[in-house]
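Protein chains in written order, with this note's numbering: chain X, 1 to 108; chain P, 1 to 114.
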Amino acid sequence: GQNIDQPTEMTATEGAIVQINCTYQTSGFNGLFWYQQHAGEAPTFLSYNVLDGLEEKGRFSSFLSRSKGYSYLLLKELQMKDSASYLCARRRNYQLIWGAGTKLIIKP
Amino acid sequence: EAQVTQNPRYLITVTGKKLTVTCSQNMNHEYMSWYRQDPGLGLRQIYYSMNVEVTDKGDVPEGYKVSRKEKRNFPLILESPSPNQTSLYFCASSYQAGAKNEQYFGPGTRLTVT
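Here it is in structure tokens:
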């Protein structure tokens with residue numbers, strides 16, 4: 001199948017660290033994206049992984065394990081503006097297949 | 001400013017009344033795509049275009065049409081809208097299809113069909 005699974009909602013505290021997981025079907029895998037979407041706005045690109053390992057970009061890091069069909073997005077030093085939905089998408093040839101998104105709620 | 005624009009941003013219409021949602025990008029991107037976003041389902045691709053005059057069906061193409069006569073424009077046409085097409089629609093573009101080409105999204109069009 002094309003299923004991409006991620007938790008529906010997570011809550012974290014300002015200043016803390018949160019890890020958002022994503023699992024996907026491994027067949028035909030060509031790369032994995034993470035996007036951020038604030039309520040009522042368009043998704044914006046965060047990261048792309050095609051090889052195993054951790055990619056770090058400031059407060060955000062993304063990890064990929066191709067053999068396990070698993071990725072996570074790690075957000076450090078959480079800020080209130082990080083309250084948003086985080087979308088995981090895997091590339092299938094010339095298309096992106098999207099998860100339903102994880103709504104991240106940040107509490108003071 | 002590099003951007004993807006969509007019009008209209010909000011539309012309420014009635015069943016069966018043909019409508020077009022326009023999409024335009026000023027980044028000379030080859031790849032363009034239409035998605036719909038529904039609660040709990042995530043983004044689902046309707047149609048995509050690899051380049052001018054090249055379009056292909058995504059995962060949910062029924063009830064929609066597209067055209068790509070110019071590189072910058074990729075309109076979405078609903079010939080006979082139905083209530084199950086009530087949704088939030090996003091147009092997106094990228095430099096090319098494939099690899100790490102990130103997609104840039106328009107602001108979205110919220111469509112209600114009564």
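Beta carbons are placed, not taken as given, at the ideal position from N, Cα and C, and that holds for glycine.
Does any C-beta atom of chain P lie closer than 8 Å to the C-beta of residue i?
{"i": "V18 of chain X", "result": "no"}
{"i": "P7 of chain X", "result": "no"}
{"i": "L78 of chain X", "result": "no"}
{"i": "G58 of chain X", "result": "no"}
{"i": "G101 of chain X", "result": "yes"}
{"i": "A12 of chain X", "result": "no"}
{"i": "W34 of chain X", "result": "no"}
{"i": "Y94 of chain X", "result": "yes"}
Does chain X have any CB closer than 8 Å to the CB of residue i?
{"i": "E62 of chain P", "result": "no"}
{"i": "E102 of chain P", "result": "yes"}
{"i": "Y47 of chain P", "result": "no"}
If you run the structure through DSSP and keep just helix, strand and coil, what is residue i?
{"i": "K57 of chain X", "result": "strand"}
{"i": "Q85 of chain P", "result": "helix"}
{"i": "M10 of chain X", "result": "strand"}
{"i": "K81 of chain X", "result": "helix"}
{"i": "D59 of chain P", "result": "coil"}
{"i": "A89 of chain X", "result": "strand"}
{"i": "S71 of chain X", "result": "strand"}
{"i": "G40 of chain P", "result": "coil"}
{"i": "Y104 of chain P", "result": "strand"}
{"i": "F45 of chain X", "result": "strand"}
{"i": "N3 of chain X", "result": "coil"}
{"i": "N73 of chain P", "result": "strand"}
{"i": "T13 of chain P", "result": "strand"}
{"i": "S93 of chain P", "result": "strand"}
Rounded to a whole number of angstroms, what is the C-alpha to C-alpha distance between residue i and residue j?
{"i": "Y72 of chain X", "j": "Q6 of chain X", "result": "9 Å"}
{"i": "T22 of chain P", "j": "L76 of chain P", "result": "6 Å"}
{"i": "Y95 of chain P", "j": "E102 of chain P", "result": "8 Å"}
{"i": "S83 of chain X", "j": "T102 of chain X", "result": "10 Å"}
{"i": "P108 of chain X", "j": "T13 of chain P", "result": "42 Å"}
{"i": "L88 of chain P", "j": "R110 of chain P", "result": "4 Å"}
{"i": "L74 of chain X", "j": "K17 of chain P", "result": "46 Å"}
{"i": "G40 of chain P", "j": "E1 of chain P", "result": "33 Å"}
{"i": "W34 of chain X", "j": "N51 of chain P", "result": "25 Å"}
{"i": "F29 of chain X", "j": "P43 of chain X", "result": "22 Å"}
{"i": "E14 of chain X", "j": "E62 of chain P", "result": "44 Å"}
If you measure between the beta carbons of residue i and residue j, is that distance less than 8 Å?
{"i": "P81 of chain P", "j": "L43 of chain P", "result": "no"}
{"i": "N3 of chain X", "j": "G31 of chain X", "result": "no"}
{"i": "E79 of chain P", "j": "K65 of chain P", "result": "yes"}
{"i": "Y31 of chain P", "j": "Y47 of chain P", "result": "no"}
{"i": "Y94 of chain X", "j": "G98 of chain P", "result": "yes"}
{"i": "A16 of chain X", "j": "L104 of chain X", "result": "no"}
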